[in-house]
Amino acid sequence: MRWILALVLALAAGTGALYGLTGGFTVLTAEAARRQDVARHPRAIPATEVLAEDGGVLDLRQDLERDGRVAIVNFFYTRCMALCLAQGSLTERLQQAIQARGLQDRIRLISISFDARDKAPNLIRYAARMGADSRIWQFMSFAQPAQRDAVLDLFGITVVPAPLGEFEHNAAFHVVSPDGRLVRIFDLDDPGLALSAAEALAAAGRGGQP
Amino acid sequence: MSMSGRSGSLPWWGWGVAALACLGLALALRGWLTALMSLHMLVQIPLLVLAGLFAEQAWHAGRNRDPAGRPRPAWSYNEYGIPGLLLVSLVGAGWMIPKALDDALTDWRVAAFKYLGLPVCGWVLRASLRRSNVVIKLFFLGNFCWMSAIVGMIYLDQPIRLCNAYLQDDQDWSGRGLIALAIVLPSCWLLAELKPVWRFLNR
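Chain order of the listed sequences is A and B. Each step along the first sequence adds one to the number in the working numbering, with nothing skipped, and position 152 is 152. Basically the working numbering = 1-based index in the second sequence + 210.
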C-alpha cells in the first residue's frame with residue numbers, strides 16, 4: 001500500500017503549499033495579509049522627511065511625537081480622480097465625527113501624497129477642496145523618493161502606474177501611535193472602527209502618562 | 211493535460227528543446243510577463259508547468275529509445291497517477307489565490323516556489339497522466355475546470371482589486387482568461403482523447 005503513503009504525502013505537501021500561500025488558511029489577498037500582520041506586530045515608522053502644507057520640511061516621526069495625538073493616516077495623490085476622492089470624503093466624515101465627539105485634542109488625520117509632483121500649493125488646494133480643518137487634518141507629501149518607498153513598503157502600500165498619468169493604489173485607514181508605530185489598518189468601509197481603535201489607543205496612551 | 215499515454219511523435223531532444231524554450235521564455239521575459247496579472251496567471255505560470263511537462267516527455271522518450279526497454283516496475287508510488295494529480299491540483303488551486311500572485315513579486319520564497327515548484331508540478335503531471343486512466347483524468351480535469359471557472363467569475367465580479375500589484379481591468383481579463391481556460395482545456399482534452407473516451411462510453 002505504498003500508494004496510500006504517497007497519497008497522504010501528496011495531500012500533506014499540497015495542503016502545506018496552500019497553508020503557506022494563505023498565511024495559515026487565514027487570508028486570500030496580500031491586502032488582508034498586511035492588515036493581519038500589522039495587527040499582530042505593529043511596525044515602527046522610520047525617520048521620514050515630509051513636506052508640509054506651509055512649505056516646510058519636517059520629520060514625520062518627530063512630528064507624530066511632538067504632536068502627541070493618535071493619527072489616522074492615509075495615502076493619496078492630489079491628481080487622483082477615483083479612489084482618493086472616495087477616501088477623501090470618508091476622511092472628511094471622520095473629521096466631522098472627531099469634531100462632533102470633541103476628540104480633536106486626542107486624534108488627528110494625516111493624508112500623505114506619494115506623488116512626487118505634489119508640493120505645498122497642491123496640498124493647500126486639495127485641503128481646501130476637502131474642507132479640511134487644519135487643526136485636525138493635515139496634508140503632507142514625501143520629500144525624498146527613497147524614504148517614500150521605505151514608508152510605503154512598511155505600510156504595505158503598492159502604487160501601480162495606470163494609464164493617463166494616474167496611479168492605482170490600495171487605500172485604507174492606518175492608525176498610528178504618537179511614538180511612531182503603525183498599529184492597525186482598517187478598511188475604507190469601516191471608518192467607525194478606525195475611529196474607535198484610535199480612541200482606545202489614545203485612552204491607553206493617557207493611562208500610561210497620567 | 212491533454213496528452214494521452216502513448217509516446218509523442220517528437221524525438222526526445224525535440225521535447226527537450228520545447229521544455230527549454232518554455233523555461234527560457236518564462237525566465238527571460240519575466241519582467242514583462244509579471245507586469246500584468248493576466249499574463250502572469252495565464253502565460254508565465256502555464257509556461258513553467260509546460261517546461262516540466264515537456265522535460266518529463268523528453269526523459270520518457272529518451273529512456274524508451276532502446277526498443278527492448280526496461281520492464282515496468284511491479285509497483286509504483288504514483289499508482290494510477292492519483293497522488294501526483296492530487297498534488298498538482300492543490301498547487302494549481304494555490305496559484306489561483308490573489309495573494310500568491312502578489313507575493314511571487316515581493317517574497318523570494320514564494321518566487322522560488324513558483325520558478326522551481328511549477329516545473330516540478332509539470333513533470334509530476336505528465337508522469338501521473340501516463341499512469342492514469344480516462345476516468346481519473348476526467349475527475350481531476352473536471353475539478354480543475356470548475357475551480358478555474360468559479361475563480362474566474364469571482365475575479366470578474368469583484369468591484370475591488372484583489373491584487374495590490376495589478377490593475378482592476380487586468381483582474382477582469384484574468385477572470386475572462388480563467389473562464390476561457392475552463393472551456394478550452396476540456397475541449398482540447400476531448401479532442402486528444404476522443405478514442406479512449408469513445409471506447410469507454412461504448413463499453
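Beta carbons: idealized from backbone N, C-alpha and C, even for Gly. It should be emphasised that the depicted structure is a prediction, and the values quoted were computed from it without experimental measurement.
- In the DSSP assignment, Ala162(A) forms a beta bridge with Glu166(A).
- If you look at Arg181(A), you'll find it in the beta strand (DSSP E) that goes Arg181 to Phe186.
- In the structure shown, the three-state DSSP call for Leu246(B) is coil.
- Counting only residues of its own chain and dropping the five nearest sequence neighbours on each side, Ala33(A) has a CB closer than 6 Å to the CB of Gly23 and Val27.
- The DSSP assignment places 49–52 and 57–59 as complete runs of the beta strand (DSSP E) inside the region 23–61 of chain A, in order along the chain (cut-off: 3 residues).
- DSSP places Ile157(A) outside both helix and strand once states are collapsed to three, so it counts as coil.
- Contacts with chain B at 8 Å (Cβ-Cβ) include Leu18(A).
- For the region 355–377 of chain B, the set of positions with a beta-carbon nearer than 8 Å to some beta-carbon of chain A reads Arg371, Leu372, Cys373, Asn374, Ala375, Tyr376 and Leu377 in chain order.
- Linking Leu404(B) to Leu7(A) through their CA atoms gives a straight-line distance of about 29 Å.
- By the rule that beta-carbons nearer than 8 Å mark a contact, Leu21(A) touches chain B.
- Inter-segment contact for the region 356–372 of chain B and the region 287–294 of chain B is absent: fewer than three beta-carbon pairs are separated by less than 8 Å.
- Look at the region 45–61 of chain A: it has no residue with a C-beta under 9 Å from a C-beta of chain B.
- Around Gly165(A), no beta-carbon contact reaches into chain B at under 8 Å, the shortest distance being about 14 Å.
- Residues of chain A with a Cβ closer than 8 Å to the Cβ of Asn288(B) are, in chain order, Trp3 and Ala6.
- Taking 8 Å as the cut-off, the Cβ atoms of Tyr290(B) and Ser342(B) count as close.
- Sequence-distant Cβ neighbours of Gly226(B) in its own chain, meaning closer than 6 Å and more than five residues away, are Ala268.
- Among the residues facing chain A, Val301(B) is included, as its CB has a counterpart in that chain under 8 Å away.
- Close CB contacts of Val176(A) within its chain, under the 6 Å cut and outside five residues either way in sequence, are with Ala71, Val73 and Leu182 (chain order).
- Pairing Ser141(A) with Leu351(B), the inter-Cα distance amounts to about 52 Å.
- When DSSP states are grouped into helix, strand and coil, Gln138(A) belongs to the strand group.
- With fewer than three CB-CB distances shorter than 8 Å, the region 95–104 of chain A does not count as touching the region 114–129 of chain A.
- Here the region 75–93 of chain A makes contact with the region 156–169 of chain A; the two share three or more CB pairs at distances below 8 Å.
- In terms of Cα proximity to Ser338(B), the closest of Ser299(B), Met251(B) and Val407(B) is Ser299(B).
- Bounds of any beta strand (DSSP E) do not take in Arg340(B); it lies within the alpha helix (DSSP H) bounded by Trp318 to Arg341.
- Residue Gly180(A) holds the alpha-carbon nearest to the alpha-carbon of Gln62(A) among Ala39(A), Gly180(A), Phe76(A) and Arg79(A).
- Note on Phe25(A): under 16 other CB atoms within 10 angstroms of its CB, so exposed under the neighbour-count rule.
- Per DSSP, the continuous beta strand (DSSP E) segment holding Ala71(A) begins and ends at Val70 to Phe76.
- Within chain A, not a single residue places a beta-carbon under 9 Å from that of Ala337(B); the smallest gap is close to 12 Å.
- Scanning chain B for C-beta atoms nearer than 8 Å to the C-beta of Asn170(A) yields Arg371 and Asn374, reported in chain order.
- CA-CA distance, Ala261(B) to Ser397(B), rounds to 22 Å.
- DSSP places Arg129(A) in the helix class (H, G or I) of the three-state scheme.
- Per DSSP, reduced to three states, the secondary structure at Leu109(A) is strand.
- Around the beta-carbon of Gln381(B), 16 or more other beta-carbon atoms lie within 10 Å, marking it buried.
- Judged by DSSP in its simplified three-state form, Phe173(A) adopts strand.
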